[in-house]
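Asks:
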Amino acid sequence: MPLTTSDGVALYVRVAGHGTPCVFVHGGPGTGSYGFEKLAGQPLEEKLQMIYVDQRGSGRSASHAQLNYSLERQVQDLEEIRQQLHLKKWVVMAHSFGGIIATAYAQKYPQHVQALILANGILNLPAAMESTITYGYSLLPATTRPPLDSAMPLPQRYFMVSAMLQQQKLYNQLQYASDSTAARVSRLMQGQTSNHDFAANLFKAPGRYVEDFTPATASLTMPVLVLTGQQDYITGPEHYKSFLFPQQRVVVLPGRHMPFLDNPKEFNQAVQGFVRKLPRR
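In this text, residue positions in the sequence shown follow the working numbering: the first is -7, and each later residue adds one.
1. Measure the beta-carbon distance from A98 to V84 and round it to whole angstroms, keeping in mind my assumption that it falls under 8 Å.
2. Jot down the residue ranges of each uninterrupted beta strand (DSSP E) in the region 17 to 56, minimum 3 residues, whole runs only, in chain order.
3. Evaluate contact between the region 11 to 21 and the region 88 to 95, counting only Cβ atoms and requiring at least three cross-stretch pairs below 8 Å.
4. Within a Cβ cutoff of 7 Å, which residues of the same chain sit near L180, ignoring the five residues on either side of it in sequence?
5. Taking the alpha-carbon positions, what's the E230 to D69 distance?
6. Thinking N116 and F205 are a contact (beta carbons under 8 Å), I'd like their distance in whole angstroms, please.
7. With DSSP as the reference, identify every bridge partner of G221, one or two as the case may be.
8. Using alpha carbons as the reference points, say which of P(-6), A192, G0, Y101 lies closest to T355.
9. At the level of alpha carbons, what is the spacing between V105 and A208?
10. Quick one: using the 10 Å Cβ neighbour count with 16 as the cut-off for buried, is P238 buried or exposed?
11. How is A8 classed by DSSP in three states: helix, strand or coil?
12. Are N193 and L59 close, meaning C-beta to C-beta below 8 Å?
13. From L140 to W82, what does the alpha carbon distance come to, in whole angstroms?
14. Does H231 come out as helix, strand or coil in the three-state DSSP assignment?
15. Using a Cβ-Cβ cutoff of less than 8 Å, which residues in the same chain neighbour L131 once the five nearest sequence positions on both sides are dropped?
16. So for M250, helix, strand or coil by DSSP?
17. Residues in the same chain with beta-carbon distance under 8 Å from T(-3), minus the five sequence neighbours each way, listed in chain order, please.
18. Using DSSP with H/G/I as helix, E/B as strand and the rest coil, what is H78?
19. Can you list the alpha helix (DSSP H) stretches of 4 or more residues lying completely in the region 91 to 150, in chain order?
20. Would you kindly report the start and end of the unbroken beta strand (DSSP E) that includes L(-5)?
21. Could you have a look at D189 and say whether DSSP puts it in helix, strand or coil?
22. Which value, in whole angstroms, describes the spacing of the CA atoms of A262 and L63?
23. Kindly give me the distance between the Cβ atoms of R248 and Q223, rounded to whole angstroms, as I take these residues to be in contact under 8 Å.
24. Near Y150, what residues of its chain come up, given a Cβ to Cβ distance below 6 Å and the 5 sequence neighbours on each side ignored?
25. Need the endpoints of the alpha helix (DSSP H) that R272 sits in, please.
26. Tell me the DSSP secondary structure of V83 in three-state form.
27. Going straight from the alpha carbon of S186 to that of Y44, what length do you get?
28. May I have the straight-line CA-CA distance separating K80 from G9, to the nearest angstrom?
29. Note the first and the last residue of the continuous alpha helix (DSSP H) segment covering A175.
30. Does the Cβ of A134 have 16 or more other Cβ atoms within 10 Å, making it buried, or fewer, making it exposed?
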């Protein structure tokens, strides 16, 4: 069902399942929630009321006429969704880049966050981009990769390495633990139309998206589940060690950037076990 924000943007929102309300904040930036919803959602819906949202300028949601994709606005969109769904509190589950939005939301509206779940969550985008560049560059054949100029601005280095990985069909080695997982995602997404405005405009005015949110975690007192991949070089395999949430539980899973696809059983057990132990609202 579409929900319309206070500034007139129609957002894709789907509610499915029964149990504790849990909003999914997708990564990308701008990938949309379709892949997670279709490939990983059903087991979660058995114990959670999942709320799948495509952020403005992403997936099946509309764009903003004046291209307002600021972090502050994405946070406000989440809050307006909560209000329109008449929920007092919800669990906020984020993947990858969505960790920035989820953490900023928890900072501004802690009274409405029952718990945070960060699945390979990024809380420091420049650090994650450096990790991707370093490991991604190492995947490129030494004979074909150009010298990497460290003086080049970070976004340019990031997009250069990403483009070379895509050209040489190596990018999936960053994302997935197996070719079969990559193939499942590829089959699902074939023919899907998706809005990419948010992703296209992010680095034109990155604003607070490039802020390091790890120091702020020390003041967020809600229960937090941190899920991370042993070989996740998109987020950075050591990134979670900088998190300072007072009530955090860390689960390190085998695999890379998509633990809910690479290790669905362990992922779901960790999430459901965590939610089961949450204090009653």
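Each residue gets a CB set at the ideal place from its N, CA and C atoms; glycine is no exception.
Replies: The structure says:
1. Taking the first residue of the sequence shown as 1, we reach residue 98 at position 106. Taking the first residue of the sequence shown as 1, we reach residue 84 at position 92. Confirmed, about 6 Å.
2. Complete beta strand (DSSP E) runs here, min 3: 40 to 45.
3. Segments in contact, yes.
4. Taking the sequence shown and counting its residues from 1, one reaches residue 180 at position 188. Within the same chain, and ignoring the five residues on either side of L180 in sequence, the residues whose Cβ sits closer than 7 Å to its Cβ are G27, K30, L31.
5. Position 238 of the sequence shown, counted from the first residue, corresponds to residue 230. Position 77 of the sequence shown, counted from the first residue, corresponds to residue 69. D69 has its alpha-carbon roughly 31 Å from the corresponding atom of E230.
6. Taking the first residue of the sequence shown as position 1, residue 116 is located at position 124. Taking the first residue of the sequence shown as position 1, residue 205 is located at position 213. Your pair N116 and F205 checks out as a contact, with CB atoms roughly 7 Å apart and the cut at 8 Å.
7. For the purposes of this step, residue 221 is identified with residue 229 of the sequence shown, where counting begins at 1. BP columns for G221 point to L245.
8. Outside the displayed span of the chain (-7 to 273) sits residue 355, for which this structure offers no information.
9. What you label residue 105 is simply residue 113 of the sequence shown in a count that begins at 1. What you label residue 208 is simply residue 216 of the sequence shown in a count that begins at 1. Distance between the alpha carbons of V105 and A208: 16 Å.
10. The residue given as residue 238 occupies position 246 in the sequence shown. The Cβ neighbour count for P238, taken over all protein chains shown within 10 Å, is under 16; the residue is labelled exposed.
11. Indexing the sequence shown from 1 puts residue 8 at position 16. In the three-state reduction of the DSSP assignment, A8 falls in the strand class, which pools E and B.
12. Stepping through the sequence shown from its first residue, residue 193 is reached at position 201. Stepping through the sequence shown from its first residue, residue 59 is reached at position 67. Cβ atoms of N193 and L59: closer than 8 Å.
13. Against the sequence shown, residue 140 aligns to sequence position 148. Against the sequence shown, residue 82 aligns to sequence position 90. Near 44 Å, if we compare the C-alpha coordinates of W82 and L140.
14. The sequence position of residue 231 within the sequence shown is 239, counting from 1. Helix at H231.
15. Numbered from 1 along the sequence shown, position 139 holds the residue referred to as residue 131. Only L157, L162, Q165, L166 meet the Cβ criterion.
16. Counting from 1 along the sequence shown, the entry for residue 250 is found at position 258. M250: coil per DSSP, three-state reduction.
17. The count along the sequence shown starts at 1 and reaches residue -3 at position 5. Non-local beta-carbon contacts of T(-3) in its own chain, meaning distances under 8 Å to residues more than five positions away in sequence, involve L3, R48, Q68, D69, E72 in chain order.
18. By one-based count along the sequence shown, residue 78 stands at place 86. DSSP places H78 in coil when its eight states are reduced to three.
19. Taking only runs of at least 4 residues, the alpha helix (DSSP H) segments lying wholly in the region 91 to 150 are 117 to 131.
20. Counting from 1 along the sequence shown, the entry for residue -5 is found at position 3. Run containing L(-5): -6 to -4, per the beta strand (DSSP E) assignment.
21. To locate residue 189, count along the sequence shown from 1; it is residue 197. In this structure, D189 counts as helix in the three-state DSSP scheme.
22. The residue given as residue 262 occupies position 270 in the sequence shown. The residue given as residue 63 occupies position 71 in the sequence shown. A262 and L63 have their C-alpha atoms some 29 Å from each other.
23. Within the sequence shown, the letter at position 256 stands for residue 248. Within the sequence shown, the letter at position 231 stands for residue 223. That pair is a contact at about 5 Å.
24. Along the sequence shown, read from residue 1 onward, the residue named residue 150 stands at position 158. Leaving aside the five residues that flank Y150 on each side, the residues in its chain whose CB is nearer than 6 Å to its CB run, in chain order, M121, I125.
25. Here residue 272 is taken as the residue at index 280 of the sequence shown, counted from 1. Boundaries for R272: no alpha helix (DSSP H) harbours it, and the DSSP string shows neither H nor E there.
26. By one-based count along the sequence shown, residue 83 stands at place 91. The three-state reading of DSSP puts V83 in strand, counting E and B together.
27. The residue labelled residue 186 in the question sits at position 194 within the sequence shown. The residue labelled residue 44 in the question sits at position 52 within the sequence shown. Using only the alpha carbons, I get a separation of about 15 Å.
28. One-based indexing of the sequence shown puts residue 80 at position 88. One-based indexing of the sequence shown puts residue 9 at position 17. Those two C-alpha atoms are separated by around 18 Å.
29. Your numbering for residue 175 matches position 183 in the sequence shown. For A175, the enclosing alpha helix (DSSP H) stretches over residues 171 to 181.
30. As a working mapping, residue 134 is identified with position 142 in the sequence shown. A134 comes out exposed.
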